[in-house]
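**Q** Respectively, the protein sequence lines represent chains H, Y, W and A. Every letter in the first sequence is one number past the one before it in the working numbering, and letter 241, counting from 1, is 241. So the working numbering is basically just the index in the second sequence, starting at one, shifted up by 256. So the working numbering is basically just the index in the third sequence, starting at one, shifted up by 512. So the working numbering is basically just the index in the fourth sequence, starting at one, shifted up by 815.
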Amino acid sequence: MKKQTCDFEVVYNISLSDDYFLLKLLAEDELPNISPAQFVEVRIDGAPNTFLRRPISVHDVNYEKNTISLLVRIAGEGTAKLSQINKGDLLNLVFPLGNSFSMPDNDNILLVGGGCGVAPMLYTAKYFMNFGFSPTFLLGYKDKESILRSDKFAKYGNVFYTTEDGSFGETGNVLDHSLLNSDKIHFDKIYACGPQPMLKALGNLAIEKNITCEVSLENLMACGIGACLCCVQDTIDGHKCVCTDGPVFNVKKLVW
Amino acid sequence: MKKQTCDFEVVYNISLSDDYFLLKLLAEDELPNISPAQFVEVRIDGAPNTFLRRPISVHDVNYEKNTISLLVRIAGEGTAKLSQINKGDLLNLVFPLGNSFSMPDNDNILLVGGGCGVAPMLYTAKYFMNFGFSPTFLLGYKDKESILRSDKFAKYGNVFYTTEDGSFGETGNVLDHSLLNSDKIHFDKIYACGPQPMLKALGNLAIEKNITCEVSLENLMACGIGACLCCVQDTIDGHKCVCTDGPVFNVKKLVW
Amino acid sequence: MVNLNIDFNGLKLKNPVLTASGTFGYGLEFEDFVDLSRLGGFIVKGTTLLHREGNPYPRMAETAAGMLNAVGLQNKGVKVFCDDIYPKIEHLNTNIFVNVSGSTVDDYVATAEMINELTNIPAIELNISCPNVKEGGMAFGTSCASAEEVVKAVRQVYKKHLMVKLSPNVTDIVSIAQAVENQGADSVSLVNTFLGMAIDAKTRKPKLSTITGGLSGSAIKPIALRMVWQVAKAVKIPVCGLGGIMTAEDAIEFFLAGASCIQVGTANFIEPDATIKILEGIEYYCKKYGVKDINELIGSLRS
Amino acid sequence: MVNLNIDFNGLKLKNPVLTASGTFGYGLEFEDFVDLSRLGGFIVKGTTLLHREGNPYPRMAETAAGMLNAVGLQNKGVKVFCDDIYPKIEHLNTNIFVNVSGSTVDDYVATAEMINELTNIPAIELNISCPNVKEGGMAFGTSCASAEEVVKAVRQVYKKHLMVKLSPNVTDIVSIAQAVENQGADSVSLVNTFLGMAIDAKTRKPKLSTITGGLSGSAIKPIALRMVWQVAKAVKIPVCGLGGIMTAEDAIEFFLAGASCIQVGTANFIEPDATIKILEGIEYYCKKYGVKDINELIGSLRS
Ligand SMILES: Cc1cc2nc3c(=O)[nH]c(=O)nc-3n(C[C@H](O)[C@H](O)[C@H](O)COP(=O)(O)OP(=O)(O)OC[C@H]3O[C@@H](n4cnc5c(N)ncnc54)[C@H](O)[C@@H]3O)c2cc1C
Ligand SMILES: Cc1cc2nc3c(=O)[nH]c(=O)nc-3n(C[C@H](O)[C@H](O)[C@H](O)COP(=O)(O)OP(=O)(O)OC[C@H]3O[C@@H](n4cnc5c(N)ncnc54)[C@H](O)[C@@H]3O)c2cc1C
Ligand SMILES: Cc1cc2nc3c(=O)[nH]c(=O)nc-3n(C[C@H](O)[C@H](O)[C@H](O)COP(=O)(O)O)c2cc1C
Ligand SMILES: Cc1cc2nc3c(=O)[nH]c(=O)nc-3n(C[C@H](O)[C@H](O)[C@H](O)COP(=O)(O)O)c2cc1C
Ligand code: FES
Ligand code: FES
């Protein structure tokens, strides 16, 4: 897919919690096809400490309305600045970037998201549904209050939750969920995004259980288009760029 | 007067023309006394190229309402950014800075402003009026469309205009105005602010005619509080800081 | 019409906008954003004799108006460049420079020799200034003697345009520039990155796997510009200026300081079409100020 | 309670926050904003043997996340300092350092001798790194031999704490630091400004009357931090770190890199009470991360 730079108009900016906000962005021209786990590089003008763009996954796409949604966690200065953008403002994106999750073979697929790693999972499920697959979600949060967009996720599949304090769903993190620890339930493929330690543990579990597992990584990026070689991930084939060879990798390829 | 740092709330931001805007700022605490030609240093957050504060003259003060007004020309990145500030936003100022115009001895005083040099003249006139003096204004603009706040100036004195294209008042710049070139009219003191070449010519004319003339300079500043020695003006007493020894100088002292 | 052609010591550039090594991949990465044939040229990423995996992740840290990188010359080696990459780019209608790095003089020579055989590569940029490799790299660029040694050796085998890229991490960049000029360099480019460092106060760890890295971007522009000005006055060969060029105005400043052409580096990461915007901005500036030929601007700083 | 006391090679600092010469006047300029007795110390502006008018206007240009200055050591000379200024500041309950500059070794010596007589001045900062004066200044700080010469001479007449301020415009700052350590410096401070330049594209003129000037502010922090880290590892005397410190987090980075105290410079221009905010931020950081004594942080970079 051809990459492009484009000014989007902010349709809305909704605060979902202290830490998270949801942006809906309208493109002037027709959107290109976007694949699940692809991301955009957002230009955050202004602050001297947000010199570089910020990579954010595509959370949702509406091709009829020509909109892209981003689900963003306030992690530092750049995302804090972005959280203050107003309806009608313009936001410049470079997109669509990266490879994508591979197509499922059947319905036995689990979409796992931890924290802001849930962001790409919504569009992934929607995309797979369009091809006739019905995914199951396993989403991990700190507590009940942190749960994001539960209605929306429910539209695209069965949703299971873990919360660290047990205030909703099962207690612990996604790794602790019975879905992953039961002999009765089987998945053929796991797609995951979230903090590296979680992805790594999940990957090891999947390898152990002989489940194909693809993870979407969030390495620090400077360019997002394969030019700087800053975002490299060590793999069995050497250093690979997360922005072009990834963000999605089969866990079997990763050296981590 | 003790200098201070203070967050002001933007009461309004009115665009007066393509180039000029007027800010009214509300202080939380009681305003200190501000003298004519004193200025503030505005913190313009964000852009990497507006690392330093920007010096802006006090255009008006309302002690009852605790407000300060600034009349600002969009000169570059910093003032452009400032022009986009919204009602309710906070603006951090260091103020009040600099010395001030000296008190008149009688009513034979002329307040001359060229371009954005008109900014400090409004408060100067108001201040002098409080002490019982009635100033005369001579304000120079490019053309009729550029004239700023004519009603407001008219409240504090007789206003004479020049425009470069002759579309309002006399044609030319303030130096060409008959007020300054007639033997019948005499002023004891001239107070002026505007572009350096104008101030210099005016100063020379005043010296020639034996009129006391004080000018408010706008040298580039880094700190505004006498610490960096960047804003120096050459005078008969050596380098003087425009931010603390000035911005007002008697033209007889200047080496320019 | 503004003339933007530059005669860069024999090398014809259709305009003075090039791209900096390591920030523009092999050009192809930017084809979605930039018509490469519009560029004066581009410099492909640092190429070494042998394959290099580069430094471990993390390799990047953002700083005030700049960034640190510690890529460490990751590349597949000159043979893969010649066999696999060159065929993909040789048809591009612009000047392609190969940025050559090495740990020893012999490395540099062997690499340059192979590049010399590539018909459609009119020039190399000899990188004696990379701060991100342990041996060699920057060390060659920080003393006159070692700079002379490597340039002299490469000059013997490399027959086309030899541009030498200088390190800014030195007391006296002018003497290094003169030293490489004396050894037959056709031009110099400056600057490479400044050796810097960033620490994460929270974890108390360095932000880069290599602790230190190279600083680039707007932050370094004032120092880079000063060095270009000093060097351009002191050498007869032309100077290619870079370091923090983000806008056409930045580029103009470098021309006025004496650069005959410029390279756009980190700016490509922020605006993938930065080169084209800068090129168009230069043309606009020339029209606005009545400059008929870009060559009029070069070194024309007024006092 | 967090202990912020530092024993700076015999000099007791109540906390590690000082201010950089030339950015804090004689302290008095900041009395409306800062309770000076809360500072670990401050360094008064560059003082020379004789009165200096400094460079012509314009002396300042803003750059990306930084500024260039070309003040050129404007000051009334050491005699006026001793007679008129010292009496106004001697009572201040903090450590006052006089920043001493000169064009010749004799200048430095004569100035230091006079400062030595001032009871309430416990230290000088020997400025061998000012880029804004034609003769002397930076030149002393850019070679080991000249740095040694001036430090040796001053050491003979100056009996209190002798801090030497290093220039970052060098290939190898470590060797200069070691050279001044060998000549008896009690501490080193780094960095002074980087030699830079800015041009107005519209007028085609330099933005500074002196063409080049000294770059300071956030932009230089990564390079300054790297130099502090290198020097702190290589010398036994303590290091005072500065260069682009705007926030408490910046200060913490310098402590981790090995600085025993820090100086706040350009930040004072933007927030006149920057020192106090940084001091309070350091205390907050220590509490948050369970650091009981600031000395624990110094040089404690993890790998
Ligand atoms: C392919 C990709 C997709 C992403 N998708 C999303 C998304 O959909 N929603 C979302 O909220 N975030 C996403 N992120 C993470 C997001 O890019 C960072 O949180 C953001 O760049 C932080 O910027 P900042 O200026 O707010 O924080 P900074 O001030 O730059 O950093 C704050 C903290 O966050 C860490 N950080 C910065 N960048 C990253 C990064 N890229 N990855 C991990 N940690 C980082 C820093 O080390 C630091 O500790 C994604 C990252 C990648 C690479
Ligand atoms: C004491 C004082 C009082 C002032 N009062 C007012 C006022 O009431 N209203 C108003 O509109 N402006 C006033 N100015 C001028 C104002 O400070 C500058 O226009 C402003 O700082 C420009 O900032 P910028 O970021 O928009 O422009 P920049 O991008 O910084 O510069 C744009 C252009 O303006 C020039 N410039 C920048 N700063 C100054 C300056 N201080 N003086 C002259 N030229 C400058 C630059 O050289 C450049 O050519 C005053 C200046 C001083 C020193
Ligand atoms: C990620 C990255 C990789 C780089 N790799 C190289 C390289 O391989 N060879 C080289 O000579 N310079 C390399 N550089 C330095 C740039 O070519 C350029 O000299 C420097 O970034 C300054 O220019 P800028 O501020 O415009 O980016 C690299 C810079 C960056 C940011
Ligand atoms: C306006 C100005 C004047 C300065 N004058 C001096 C001086 O007289 N002596 C000196 O040693 N350093 C001087 N410096 C350098 C600072 O002390 C400091 O080393 C430098 O600014 C880097 O720190 P910063 O980035 O925190 O400002 C001056 C810096 C500025 C900005
Ligand atoms: S972020 Fe630049 S190569 Fe991936
Ligand atoms: S602006 Fe700093 S002394 Fe005047």
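Glycine included, every Cβ here is placed at the ideal spot set by N, Cα and C.
(1) Could you tell me whether any Cβ in chain W is nearer than 8 Å to the Cβ of A/N984?
(2) Which of the three DSSP states, helix, strand or coil, is assigned to W/R814?
(3) Which partner residues does W/S699 have in the DSSP bridge list?
(4) In whole angstroms, give me the CA-to-CA distance for W/C752 and W/V666.
(5) Using C-beta distances below 7 Å, list every residue in its chain close to A/A962, excluding the 5 sequence neighbours before and after it, in chain order.
(6) How is A/G892 classed by DSSP in three states: helix, strand or coil?
(7) Could you tell me whether the Cβ atoms of H/S134 and H/S35 are closer together than 8 Å?
(8) Provide the residue(s) that pair with Y/C262 in DSSP beta bridges, ordered along the chain.
(9) Note down, in chain order, each residue of its chain lying with its Cβ closer than 8 Å to the Cβ of A/Y1100, except the 5 sequence neighbours on either side.
(10) Taking only runs of the beta strand (DSSP E) that begin and end inside the region 142-217 of chain H, which ones reach a length of at least 3 residues, in chain order?
(11) Find the nearest neighbour of A/S958 within the set A/P983, A/V972, A/T934, A/I936, judged by alpha-carbon distance.
(12) Could you please give the first and the last residue of the uninterrupted beta strand (DSSP E) stretch that includes W/N607?
(13) Quick one: is H/V255 buried, meaning 16 or more other Cβ sit within 10 Å of its Cβ, or exposed?
(14) Check each residue's C-beta against every heavy atom of ligand 5 and list, in chain order, those closer than 7 Å.
(15) Run through DSSP, which three-state label would A/C959 get?
(16) As a quick exercise: from H/Q4, H/D45, H/V248, H/C213, pick the residue whose alpha carbon is nearest that of H/L180.
(17) Taking the C-alpha atoms as reference points, what is the distance between H/S150 and H/L111?
(18) Where H/F21 and W/G793 are concerned, what is the direct C-alpha to C-alpha distance, given to the nearest angstrom?
(19) Using 7 Å as the cut-off, classify the Cβ of H/Y17 as near or not near the heavy atoms of ligand 1, replying yes or no.
(20) Say the cut is 7 Å; is the CB of A/V1079 nearer than that to a heavy atom of ligand 4?
(21) Pick out whichever of Y/S402, Y/P360, Y/V430 has its Cα sitting closest to the Cα of Y/N386.
(22) With DSSP as the reference, identify every bridge partner of H/L138, one or two as the case may be.
(23) For W/T531, which option in W/K748, W/V743, W/N611 has the closest C-alpha, if you only look at C-alpha atoms?
(24) Have a look at A/V832, A/N935, A/L941 and flag the residue whose alpha-carbon is nearest the alpha-carbon of A/T919.
(25) Return the residue from the list A/G861, A/V966, A/D1088, A/N824 that minimises the CA-CA distance to A/F912.
(26) In angstroms, rounded to a whole number, what distance separates the CA positions of Y/A375 and Y/L347?
(27) Give a yes or no on whether 8 Å exceeds the smallest Cβ distance from A/T926 to chain W.
(28) If distances are taken between C-alpha atoms only, which option among A/Q1045, A/T1027, A/S1033, A/I1052 comes closest to W/E574?
(29) Within 7 Å: the Cβ of H/A80 and any heavy atom of ligand 1?
(30) H/L139 and H/G113: beta carbons closer than 8 Å?
(31) Tell me whether W/Q775 sits in a helix, a strand or coil according to DSSP, three-state version.
(32) Is the Cβ of W/R564 closer than 8 Å to any Cβ of chain A?
(33) For A/N1110 and A/G1073, what's the separation of their Cα atoms in angstroms?
(34) Any heavy atom of ligand 2 closer than 7 Å to the CB of Y/N475?
(35) Listed in chain order, which residues of the region 992-1025 of chain A have Cβ atoms closer than 9 Å to some Cβ of chain W?
(36) Please confirm whether any heavy atom of ligand 2 lies closer than 7 Å to the CB of Y/R310.
**A** On the basis of the data shown:
(1) Cβ-Cβ to chain W under 8 Å: yes for A/N984.
(2) Residue state, collapsed to three classes: coil.
(3) Paired residues: W/M675.
(4) Cα atoms of W/C752 and W/V666: separation of roughly 19 Å, rounded to the nearest angstrom.
(5) If the five residues before and after A/A962 are omitted, its C-beta is found closer than 7 Å to the C-beta atoms of I943, F955, G956, I991, A994, V995, all from its own chain and listed in chain order.
(6) For A/G892, the three-state secondary structure derived from DSSP is coil.
(7) Cβ distance not < 8 Å, so H/S134 and H/S35 don't count as in contact.
(8) In the DSSP assignment, the residues bridged to Y/C262 are Y/L349.
(9) Cβ within range, chain order: A1063, E1064, I1067, V1106.
(10) For the region 142-217 of chain H, the continuous beta strand (DSSP E) assignments of 3+ residues that do not extend past its boundaries occur at 158-163, 189-193, 212-216, in sequence order.
(11) The candidate whose alpha carbon is nearest that of A/S958 is A/P983.
(12) W/N607 -> beta strand (DSSP E) spans 607-612.
(13) Classification for H/V255: exposed.
(14) Any heavy atom of ligand 5 within less than 7 Å of a residue's beta carbon puts that residue on the list, which reads H/M221, H/A222, H/C223, H/G224, H/I225, H/G226, H/A227, H/C228, H/L229, H/C230, H/C231, H/C241, H/V242, H/C243, H/T244, W/F781.
(15) Of the three classes helix, strand and coil, the one that applies to A/C959 here is helix, per DSSP.
(16) Cα-wise, what sits closest to H/L180 is H/C213.
(17) The C-alpha of H/L111 is placed about 14 Å away from the C-alpha of H/S150.
(18) Distance between the alpha carbons of H/F21 and W/G793 is about 37 Å.
(19) In the sequence under discussion, the amino acid at residue 17 of chain H is Ser, which differs from the Tyr named in the question. H/S17: no, Cβ never under 7 Å from ligand 1.
(20) At least one heavy atom of ligand 4 is nearer than 7 Å to the Cβ of A/V1079, so yes.
(21) Of the listed residues, the one whose Cα sits closest to Y/N386 is Y/P360.
(22) Partner residues in the beta bridge of H/L138, as assigned by DSSP, are H/V112, H/F160.
(23) The alpha carbon of W/T531 has as its nearest neighbour, out of W/K748, W/V743, W/N611, the alpha carbon of W/N611.
(24) Nearest option by C-alpha distance: A/L941.
(25) Nearest option by C-alpha distance: A/G861.
(26) Y/A375 and Y/L347 have their C-alpha atoms spaced approximately 19 Å apart.
(27) It does not; no Cβ of chain W falls within 8 Å.
(28) Relative to W/E574, the option among A/Q1045, A/T1027, A/S1033, A/I1052 whose CA is nearest is A/S1033.
(29) Flag set: Cβ of H/A80 near ligand 1.
(30) A distance below 8 Å separates the beta carbons of H/L139 and H/G113.
(31) Strand, per DSSP.
(32) Cβ-Cβ to chain A under 8 Å: no for W/R564.
(33) Approximately 10 Å, taken between the alpha carbons.
(34) Answer for Y/N475: yes, Cβ within range of ligand 2.
(35) Going along the region 992-1025 of chain A in chain order, one finds F1009, L1010, G1011, M1012, A1013, I1014, D1015, A1016, K1017, T1018, R1019, K1020, P1021 with a Cβ nearer than 9 Å to chain W.
(36) Answer for Y/R310: yes, Cβ within range of ligand 2.
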